[in-house]
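Scroll down for the structure; my scribbles are underneath it.
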Amino acid sequence: MLRTAVLPFLLLLVPVAAEAQEAPRKQCAGQACVELIDLTPKFLAFWDAAKAAPPADAEARFALWKQRYGFAAVPPGPRGEALARQLLAGAWDRYDAALPRIRSAAATWQPAPLDSLAAVVRVLDYSGAVDVRATLFVGGFEANAFAFSMGGTYYVHFPVESDDDHALAQAHEFAHAVHGRAAGLGGGWERSIAQTLLQEGLAMHVAREVAPGRPVSAYVSHAPGWWDSVQPRKAAVLADIRPVLEAKDGATVWKYTIGEGGAGVRREAYAAGWWVIEQLRANGMTLPQIARIPESDMARVSREAIDALLSR
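Remember, my numbering sits 130 above the position in the sequence shown when you count from 1.
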């Protein structure tokens, strides 16, 4: 993945039962609160069951996974379930080596989530209330942290199986939470492409403020070499995404956040988001100002920034 930029606003595959989870722990600093939930015991219960009575094949193992754990950083629906099946199959042989990290994740997690949230609040100059439920989960080594909102609470999720840059991941995902509160945004999977690229771009730029000193590729990269490969196609990416800024159906969101866009680049919304925020900052806008752009203005603001970039 990312050693960085995560795919946000993805939904869990199946509901997570209360058993086999640790009780959430809540901490606050002013009006910013984080409730930490640890799903690693639930994954370990699945792992132990699979090792005690090995499933007959990969399909049976996936059925057990859904029954005992059933949590993945995938979009809702059949396509997401197929992706979860693929992730489990690809990760299965790697879990053994990661077990020590998985077992100790909650006790050794750094930086503290509340510290990261407080840093994001400062960068975005936000003084209102923000409640975040941060969940530690075991993914498929795709390093895909994600976030969504529901009922006024923001839910952010961090995979623990890989040795990832937690400071970056937390800053990125908490930026989505604070941005959502500051701009009054919904946090569902279906949202306009303009909103998507502004959210992603802002989160990546906030992460650079909170955790500085990395190369740009660390904040935006999907996989090694991805950011470098995107550079020669910058104009093509921007021209491709410009006509769909107001589209908000699930298929289009998938295409520009997970799939391959018309310019032949995966995750075009992330690349475009970085460039658009960069352009807005060059025009004199601050990150707090960008975080308060109303949803109704996002397509216009994005289009104007893209036009300026394409005119160079």
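Glycine included, C-beta positions come from ideal geometry on N, C-alpha and C.
Are residue i and residue j touching if we call contact CB-CB under 9 Å?
i	j	result
residue 283	residue 252	no
residue 185	residue 193	yes
residue 349	residue 417	no
residue 247	residue 304	yes
residue 435	residue 413	yes
residue 337	residue 296	no
residue 382	residue 395	no
residue 324	residue 290	no
residue 169	residue 254	no
residue 292	residue 273	yes
Figure out for me which residue from the options has the closest Cα to the Cα of residue i.
i	options	result
residue 411	427, 431 and 397	431
residue 176	165, 198 and 163	198
residue 421	226, 309 and 178	309
residue 311	441, 265 and 260	260
residue 171	392, 394 and 229	229
residue 279	157, 266, 291 and 321	321
residue 222	161, 268 and 156	268
residue 408	426, 156, 427 and 438	438
residue 426	286, 415 and 376	376
Cutting at 7 Å between CB atoms, please list the residues of its own chain near residue i, excluding the five before and the five after it.
i	result
residue 402	327, 367, 368 and 371
residue 224	271
residue 404	331, 334 and 350
residue 159	244 and 248
residue 208	none
residue 341	297, 298 and 301
residue 93	A query on residue 93 cannot be resolved here, the shown segment of the chain reaching from 131 to 442 and no further.
residue 250	301, 304, 305, 308, 336 and 340
Let me check one thing: in DSSP terms, what residues is residue i bridge-paired to?
i	result
residue 289	267
residue 157	164
residue 260	162
residue 280	283
residue 396	390
Below 6 Å CB to CB, which residues in the same chain sit around residue i once its five sequence neighbours on both sides are set aside?
i	result
residue 134	Its pLDDT being 33, under 50, residue 134 is placed unreliably by the model, and the measurement read from it follows with that caveat. Hits under 6 Å: 298, 348, 349 and 351.
residue 161	259
Report buried or exposed for residue i, applying the criterion of at least 16 other Cβ atoms within 10 angstroms of its Cβ.
i	result
residue 346	exposed
residue 424	exposed
residue 399	buried
residue 294	buried
residue 202	buried
residue 391	buried
residue 227	exposed
residue 181	exposed
residue 240	exposed
residue 307	buried
residue 313	buried
residue 419	exposed
residue 190	exposed
In its own chain, which residues sit with a C-beta less than 8 Å from the C-beta of residue i, not counting the 5 before and 5 after it?
i	result
residue 379	320
residue 232	170, 173, 174, 225, 268, 290 and 291
residue 148	Here the model assigns residue 148 a pLDDT of 39, short of 50, so the residue's position is not dependable, and the following value carries that caveat. None.
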